[in-house]
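So in our numbering, spot 140 of the sequence shown is number 144, and the numbers just go up one at a time.
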Amino acid sequence: MKRSSAQLLLLGTLIVAESITMARPIDSTRIKGAALFHDYCLRCHGESGTGSVKISTNSVWVQDPSALVRIIAFGARGPSNNGMGYHRAMPPAPYNDEQIALVAMYAMQQIGKRDVTITADGVRQIRRQHLDSVRRKLDRKR
Ligand code: HEC
5 MKRSSAQLLL LGTLIVAESI TMARPIDSTR IKGAALFHDY CLRCHGESGT
55 GSVKISTNSV WVQDPSALVR IIAFGARGPS NNGMGYHRAM PPAPYNDEQI
105 ALVAMYAMQQ IGKRDVTITA DGVRQIRRQH LDSVRRKLDR KR
């Protein structure tokens, strides 16, 4: 007995339809975050934080997303773990609040292995709080 080609076609279509519905939905937040990470962070930190400047995951930023936002928005200076024995500085990222939120979520997922939600509003607040605290410190020195 020969199966009709229409029957086979139907079977094939069902299998394809099934695998499409089972695929993970495209996550545009992650794609945008990845693009921002690749454009700027990659040159120093590599794909997974293992580039020329290693990112430690045993560090406060993994537990505290606002610390990560501050690092991205205002830069960082640290005892370089690049093995070259000198300190290097990370410049503030040339990104707006929305872009910082996206790239921070991506970095947290990709390197910190944590899913967190960070909004542009949240970034704005963290920036303001940080600037206020710097201002207070400067005032005390006057
Ligand atoms: C010009 C190079 C450069 C770029 C670009 C850069 N960083 Fe950094 N980053 C550094 C340096 C240098 C440090 C300090 C590391 C050290 O010496 O311990 C650092 C530190 C960090 C830390 C803290 C690491 C720790 O061990 O606690 C995080 C998180 C981080 N960067 C994330 C990012 C993200 C996300 C981006 C992109 C938005 C980015 N960096 C872009 C150079 C860079």
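Cβ atoms here follow ideal geometry from the backbone N, Cα and C, with glycine treated the same way. A quick note: this is a predicted structure, and the numbers were derived from the prediction, not measured.
Around the beta carbon of H42, fewer than 16 other beta carbons sit within 10 angstroms, so the residue counts as exposed.
At least one heavy atom of the ligand HEC sits closer than 7 Å to the Cβ of L72. R146 and Q133 have their C-alpha atoms roughly 20 Å apart. For I76, the shortest C-beta to heavy atom distance toward the ligand HEC is below 7 Å. Collapsing the DSSP output to three states places R92 in a strand. Q11 is classed as exposed because its beta carbon has fewer than 16 other beta carbons within 10 Å across all chains shown. Taking a 10 Å sphere around the C-beta of I122, we find 16 or more other C-beta atoms and assign the residue as buried. Per the Cβ contact rule, the region 40–54 is not in contact with the region 63–70 (fewer than 3 Cβ pairs under 8 Å).
Going by C-alpha positions, L46 is about 15 Å away from I104. In the three-state reduction of the DSSP assignment, A77 falls in the helix class, which pools H, G and I. The Cβ-Cβ distance between G79 and P96 falls below 8 Å. Taken from the Cβ of I59, at least one heavy atom of the ligand HEC lies inside 7 Å. If the five residues before and after D119 are omitted, its C-beta is found closer than 7 Å to the C-beta atoms of Q113, all from its own chain and listed in chain order.
About 6 Å separates the CB atoms of R74 and I130; that is less than 8 Å, so the two are in contact.
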